[in-house]
Amino acid sequence: MYDFQQNLSQIQQRINAFMETQFDDIHASGSPLAEAMKYGLLLGGKRIRPFLVYATGSMLGADLNALDHAAAAIESVHAYSLIHDDLPAMDNDELRRGKPTCHIAFDHSTAILAGDALQAFAFEIIEKSTALSAQQKLNLVRELSRAAGVRGMCLGQSLDLISEHKQVTLAELEFIHRNKTGALLTAALMMGFICSPHYENHELARRLKRYAEAIGLAFQVQDDILDIEGNQAEIGKTVGADLNLDKSTYPKLLGLDGAKQKAQELYQSAVKNLDEISFDTTALRALAEFIVHRKN
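Numbered as in the working numbering, the sequence shown ends at 921 without a single skipped number.
The following block contains the structure:
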């Protein structure tokens, strides 16, 4: 019988060990940069994006060694985004995953450079893989770069910042979060797909992308709920941070009960798309359920 928590724990251990090895040949010559990168990357976390890479790729018969590189790459980009997101110029947080944020543990300039370096590191990790074809590497770089930049996460971050202290519509909020949070989650699933022998199956890609878009938005809705209802010891960051910054959130627009209903609707949409896929989608179904019921 499938055990999601056990599977997630196995993937966490695998990707953490793999990412640790990526620093073996780095010699920072007295600079704190490599240590700050490792701090931000290996601080902890659920590793949902690597899980999506592995779950999708394994479902479709991908080489595990190829998935290691894809998963580490997207987690490096995610780690860089969190380091920068925590800076005083952005969300000004001092706590991440229950520990001091990178700019607190080191200093502001080192944290900025660590984020910059982790972004470049992601593409270096993809290039180093010997289990991926040149075309697959190119496709992975294309998918990750688009999701991370002005067509995805960075755009969402920018819109999120300028929407503080403003009233936005539900459609505007969804657009922000489909980019800020959803873009990388969708990219994670598509990167697992690209690593597989089925990476030219466009209909399969369409179904998987619709599933990923639904859980990506559900993830953000649940984040907004936890910012109100969460326990700081469990979620590892300051509760009420969004309220303090007067950010636009789903509970703010829909009310707390409305936000919970929205999360359930997105869950149902995700599962419906999996129903159209002729592979064993057990792990992806379990992830969708985890996302809307998680406490951290």
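Think of the CB as a built atom: it goes at the ideal place given N, C-alpha and C, for glycine as much as any other residue.
From a predicted model like this one, the values you see are computed outputs, not experimental measurements.
Go ahead and pull the three-state DSSP assignment for residue i.
i, result
"LEU668", "coil"
"LYS920", "coil"
"PRO675", "helix"
"ARG831", "helix"
"LYS724", "strand"
"PRO657", "coil"
"ASP716", "coil"
"PHE629", "helix"
"PHE731", "coil"
"LEU879", "helix"
Would a C-beta distance cut-off of 8 Å place residue i and residue j closer than the cut-off?
i, j, result
"SER873", "VAL793", "yes"
"ARG674", "LEU810", "yes"
"ALA569", "ILE902", "Outside the shown range of the chain, which is 626 to 921, sits residue 569, and nothing can be said about it."
Identify which residue in the options has its Cα closest to the Cα of residue i.
i, options, result
"ARG835", "ASP650, LEU765, ARG803 and ASP628", "ARG803"
"SER758", "ASP628, ALA695 and GLN886", "ALA695"
"PHE676", "TYR664, MET662, LYS663 and ALA697", "ALA697"
"ALA830", "PHE629, LEU842, LEU891 and ALA813", "ALA813"
"ASN632", "ASP905, LEU912 and GLN760", "LEU912"
"LEU658", "GLY723, MET626, LYS724 and HIS728", "HIS728"
"ALA680", "LEU833, GLU854, LYS753 and LEU891", "LEU833"
With a threshold of 8 Å on Cβ separation, who are the neighbours of residue i within its own chain once the five nearest residues in sequence on each side are excluded?
i, result
"ASP741", "TYR705"
"ASP905", "MET684"
"THR755", "ASN690"
Using a Cβ-Cβ cutoff of less than 7 Å, which residues in the same chain neighbour residue i once the five nearest sequence positions on both sides are dropped?
i, result
"LYS887", "VAL846, TYR875 and LEU879"
"ASP900", "none"
"ARG672", "ILE636, GLN637, ILE640 and GLU700"
When every heavy atom of the ligand ADP is checked, does at least one fall within less than 7 Å of the C-beta of residue i?
i, result
"LEU912", "Absence of the ligand ADP from the depicted structure is noted, as is the absence of any ligand whatsoever, leaving it without description."
Report task. Examine the Cβ distances between the segment 709 to 720 and the segment 630 to 638 and report whether three or more of them are shorter than 8 Å. Result -> no
Query raised in the report: Would you say the segment 808 to 821 touches the segment 680 to 698, given that touching needs at least three Cβ pairs under 8 Å?
Result: yes
Query raised in the report: Would you call the segment 777 to 794 and the segment 647 to 659 in contact, with 3 or more CB pairs under 8 Å?
Result: no
Query raised in the report: Would the segment 776 to 789 and the segment 734 to 749 be scored as touching if the rule is three or more Cβ pairs under 8 Å?
Result: no
Query - At least three beta-carbon pairs within less than 8 Å, the segment 881 to 900 to the segment 834 to 853 - result: yes
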